[in-house]
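First comes the structure, then the notes that go with it.
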Amino acid sequence: MARVVVDVVMKPEILDPQGQAILGALGRLGIEGVTSVRQGKHFELDVEDGLDDQTLTTLADTLLANPVIEDFTIHR
5 MARVVVDVVM KPEILDPQGQ AILGALGRLG IEGVTSVRQG KHFELDVEDG LDDQTLTTLA
65 DTLLANPVIE DFTIHR
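Numbering (our numbering), first residue to last: 5 to 80.
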């Protein structure tokens with residue numbers, strides 16, 4: 005059995021107000037050097053070894069992410 009992690013974040017061209025709020029808070033806390041923050045979602049799935057990457061991509065694209073405004077990556 006494998007554990008698959010799907011990370012979903014807003015596409016770079018989409019405004020991320022939560023990320024901007026975090027970036028502003030870091031500055032107010034005196035933390036410098038962070039130039040951008042993108043907030044996202046993190047899903048962990050336990051899958052059988054026979055489940056292929058194309059099926060996982062379809063799952064992420066149709067159920068876990070909104071492909072219009074979000075990108076995703078899959079890690080085994």
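All C-beta atoms, glycine included, are put in the ideal place defined by N, C-alpha and C.
Opening and closing residue of the beta strand (DSSP E) in which residue i lies
i, result
"L49", "G44 to V51"
"I78", "E74 to H79"
"A6", "A6 to M14"
Run of the alpha helix (DSSP H) containing residue i, from where it starts to where it stops
i, result
"D57", "D57 to L63"
"P21", "P21 to R32"
Contact under 8 Å by Cβ, residue i with residue j
i, j, result
"V10", "L55", "no"
"I78", "L67", "no"
"R80", "V12", "no"
"G23", "V38", "no"
Rounded Cβ spacing between residue i and residue j (contact assumed at less than 8 Å)
i, j, result
"Q43", "I18", "Not quite, the Cβ-Cβ distance comes to about 11 Å (not below 8 Å), so this is no contact."
"K15", "D75", "5 Å"
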